[in-house]
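Q:
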Amino acid sequence: MNVAPEDRVWVRGWFPILFELSCIINRCKLDVRTRGLTVMFEVMKTYGHTYEKHWWQDLFRIVFRIFDNMKLPEQQTEKAEWMTTTCNHALYAICDVFTQYFESLSDVLLDDILSQLYWCVQQDNEQLARSGTNCLENVVILNGEKFNAETWDKTCNCMLDIFKTTIPHM
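Counting from 1, one number per residue, gives the positions in the sequence shown under the UniProt record's numbering.
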């Protein structure tokens, strides 16, 4: 496999570690996956300043798999637990990382972050839906001063879409 020299540390170092942590998160019991989530996001927060933009895109493709409906447990009680614990924890951690590295990540991940927040609000799990709106609020409050016009447009459109789909219909 031909890997650019500047990407070797990603392909042979960071990516395999973070990918295996995502496997632990997706396959293990609650206590183990919670620890896996904590470690994965601590690695991102601590070493993310060394990541290239395209590394972040690879990484968030893995992270967003946590929310993949097809991978969620079949049984309703397990699915509810997964959403209330793992998805909820991941959502707040994603927004923390996004805020910490906003200048680097906003142009490559804003659309994905907003889509994920919107998805969470659409779920039948009230805890996850509330967390989605709380996280959107946090992203706006903590980063709003750094938003350009396009970022504001996308964010306001996301809020409008959330509003339209969550108000009661008569």
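Ideal Cβ positions, reconstructed from N, Cα and C, are used throughout, including at glycine.
Would L21 and V9 qualify as a contact pair, given that the criterion is a beta-carbon distance under 8 Å?
A: Not in contact: L21 and V9 (Cβ atoms no closer than 8 Å).
Q: Kindly indicate which residue of A149, L114 and R130 has the alpha-carbon position closest to the one of L160.
A: Nearest option by C-alpha distance: L114.
Q: Quick check for students: name the residue ranges of the beta strand (DSSP E) that lie wholly in the region 73–135, counting only runs of 3 or more.
A: As far as the region 73–135 is concerned, it has no whole beta strand (DSSP E) run of at least 3 residues.
Q: Straight-line CA distance for Q75 to L91?
A: Computed Cα separation, rounded: 22 Å.
Q: Return yes when the Cβ of Q127 is within less than 8 Å of the Cβ of T84, no when it is not.
A: Result yes, Cβ atoms of T84 and Q127 sit closer than 8 Å.
Q: Does DSSP classify D68 as helix, strand or coil?
A: Three-state result, D68: coil.
Q: Would you identify the three-state DSSP class for I167, choosing helix, strand or coil?
A: Correct three-state label for I167: coil.
Q: Going by C-alpha to C-alpha distance, which of N125, A149, D124 and F163 sits closest to L136?
A: Closest by alpha carbon: F163.
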